[in-house]
Amino acid sequence: MCGTHFMISGICMEPLLGLVHPENEDWTCFEQTASLDIKSFFGFESTAEKIAMKQYAASIKKGKEIIEYYLRELEEEGVTHIPRWTPPAVSGAAVARLQLLPPSAARAIPVNSLDADYIRRYLGDLTPLQESCLIRLRQWLQETHKGKIPKDQHVLRFLRARDFSLDKARELLCQSLTWRKQHQVDFLLDTWHQPQLLQEYFTGAWNHHDKGGRPLYILRLGQMDTKGLVRALGEEVLLKQVLSIIEEGLRRCEENTRVFGCPISCWTCLVDLEGLNMRHLWRPGVKALLRIIEVVEANYPETLGRLLILRAPRVFPMLWTLVSPLIDENTRKKFLVYAGNDYQGPGGLVDYIDKEIIPDFLKGDCVCDVPEGGLVPKSLYRTAEELESEENRLLTDSIYKSASIFKGAPCEMLIEISEASSVITWDFDVCKGEVIFNIYHSKRAPQAPKKDSLGTHGIPSLGAVNVQLIDRSWVLGQDYSMVEKAFTCREGESVQGSHITRWPGFYILQWRFHSSPAYTASSLPRVDDVLASLQVSSHKCKIMYYTEVLASRDFRGSMTSLKSCHSGFSQFSNATTSSSQSNASSISR
């Protein structure tokens, strides 16, 4: 049926569109829209608009009456079912050519259905309802999206991720397209240059394909120094590394689709956890991983076909508890976990990967070009300012903060605790000088400038001049109290620890300048101490720190993230300073 068309010093279009109902393939939806553009009507534009709206309402009513009339005529003739009309199909080659056209040209060519051969070769099995959703979403993109129109395979991933709910898939896809444009992700493979440090210490690489033709990526996570990579390169670089891997995976999927002659839209990832221990559960590293997972889940749904986790140690359930809540349920179903040597033999890797492709370090025949990893030298660690200096950042902030400490000007951080038994955790490195670390508690809120005001569990921004939160008029033991025994940290040391709060209120983490002791004739310093003091500036110290507050119910699963069992990382020790407080501190010498 055609709607009534009219013009008033301009143009009005009123098309009627019939579509398959999104929830019932036997129903038809009629969608009628109109647009009116009044160029000029001698000051009577408002009146003309009202007349047009009245005419439009009458047109809709008349159209409905006509449809109902012919439906009654069909019923009287005994016709109760009409086969769906199928428009001339567009060949697979034509669709492929269409997706190579510029966006302006592609929008001018309507595609109302997809060729069965094209679907079978490039998209996989689709029901009529699913095909209809794909066509409608693609048409909507052609009409509204400014820029490169994503390929059908990409659009289909978002539909599958939202169980073919058109509105939900459209919302997710629009957010992702905006994100890709903002951060120029479409050009990532051409512009991203992998730092030499990643080439040496990032223990992952592509390696052929699995039995289904999916590209295969191998990651030796247990051999990777996650803390060293985060501290030397920052989250931003690691996120770009992950995104470049995924973009390369999408490219390989397209290539394998052509090679194997069947749709391949996802890949297989093999993760070897041999060597995984408590140092991999380092809290800032886990948080960085969670942030990367959030970005990937939002922008690359349905790209992982299968995740094979091998040689999972006893600490793996702890890591899984931390990361699994952020992983989509459909994705979690694709995880297969093997402990010890269970991956060998029937039911193991050979069910998914040919033996000649299985890596040699997993008893296979393939020599893989995967870096061996190892510890990143601390001399390559960078400050938070250096890590945040890059332009067009994908992440708005860094996990770590930097602070300078001067004589008489300590670095103090305020944390407000509303629930007793909450756990304050910290991780910091002394980049320069020696500092003394303390934790204090006060029922009174310190008077901080408005620019550095804090909410619950907030962290102030520290500029060149530190804000002193503990008022000089306060008296220790009356206005505030020490809840942790102070300890000295030297240059190059890493410190991790936690404090279980006994009372609500305000807690202050303090790092203050440590002056060299005054020696007397009766207590001469050792030569080593004198040489060490000469290497440290007498005016300034620098630290990089991270802190987080955990609810008491969440602490059990996170306690292990403070531990480490390698000399290159912080050693873990427990100490109780009094019966009223519990503390877990760590220092790496």
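Quick note: my numbering has the sequence shown finishing at residue 594, numbered continuously throughout.
For glycine and all other residues, C-beta sits at the position ideal for the given N, C-alpha and C.
Straight through space, the alpha carbons of I475 and R167 are spaced by roughly 51 Å. In this structure, D333 places its C-beta atom within 8 Å of the C-beta atom of E302.
Counting of Cβ neighbours within 10 angstroms places N335 among the exposed residues, the total staying below 16. Linking Q204 to S249 through their CA atoms gives a straight-line distance of about 13 Å. By the C-beta criterion, the segment 219 to 237 is judged to be in contact with the segment 258 to 271, since at least 3 inter-stretch pairs fall below 8 Å. The three-state reading of DSSP puts F169 in coil, since its state is none of H, G, I, E or B. Of the candidates K156, I548, P451, K186, I548 places its Cα closest to the Cα of F518. With contacts defined by Cβ atoms closer than 8 Å, Y357 and I314 do not form a contacting pair. Each residue's CA atom was taken as its position, placing D365 and E377 some 13 Å apart.
The residues C416, G438, V440, N471, W516, R517, F518, K545, C546, K547, I548, in chain order, have a CB closer than 8 Å to that of I410 in the same chain once the five nearest residues on each side in sequence are set aside.
Non-local C-beta neighbours of I124 in its own chain, meaning closer than 6 Å and more than five positions away in sequence, comprise L131, ordered along the chain. Its Cα nearest to that of L244, the residue R296 stands out among D195, R296, V500. Per DSSP, the continuous beta strand (DSSP E) segment holding N212 begins and ends at 209 to 214. Between W479 and A425, the CB-CB gap reaches or exceeds 8 Å. With respect to the C-alpha of P306, the residue from F169, E82, W197 having the closest C-alpha is F169.
If you check the CB distance, T262 and Y127 come in under 8 Å. Nearest to C371 by C-alpha distance, out of Y348, I251, N212, is N212.
Around the CB of E489, 16 or more other CB atoms lie within 10 Å, so the residue is classed as buried. The Cβ atoms of R225 and V328 lie no closer than 8 Å to each other. Beta-bridge pairing by DSSP links T33 to V25.
Rounded to whole angstroms, D191 and L171 show a C-alpha spacing of 24 Å. The segment 184 to 234 is shown to contain whole beta strand (DSSP E) runs of 3 or more residues at 209 to 214, 220 to 224, in chain order.
A direct Cα-to-Cα measurement between D230 and G379 gives close to 6 Å.
Under the 10 Å beta carbon count, E240 is surrounded by 16 or more other beta carbons and is classified as buried. Its chain contains A174, L177, L178, P306 as the residues whose beta carbon lies nearer than 7 Å to that of F163, once the 5 sequence neighbours on both sides are disregarded; these appear in chain order. Of the candidates N304, Y75, Q147, N304 places its Cα closest to the Cα of L255. For the set G152, D157, T149, the Cα lying nearest the Cα of I140 is the one of D157. Annotated three-state conformation of P376 is coil, per DSSP. Look at W145 here: in three-state DSSP terms it is helix.
Collapsing the DSSP output to three states places S64 in a helix. Residue environment: F442 is assigned as buried (16 or more neighbouring CB atoms within 10 Å of its CB, all protein chains considered). A direct Cα-Cα distance of roughly 27 Å separates A414 from I505. A distance of 8 Å or more separates the beta carbons of D432 and Y512. Counting every other CB atom within 10 Å of its CB across the protein chains shown gives I71 a total below 16, marking it as exposed.
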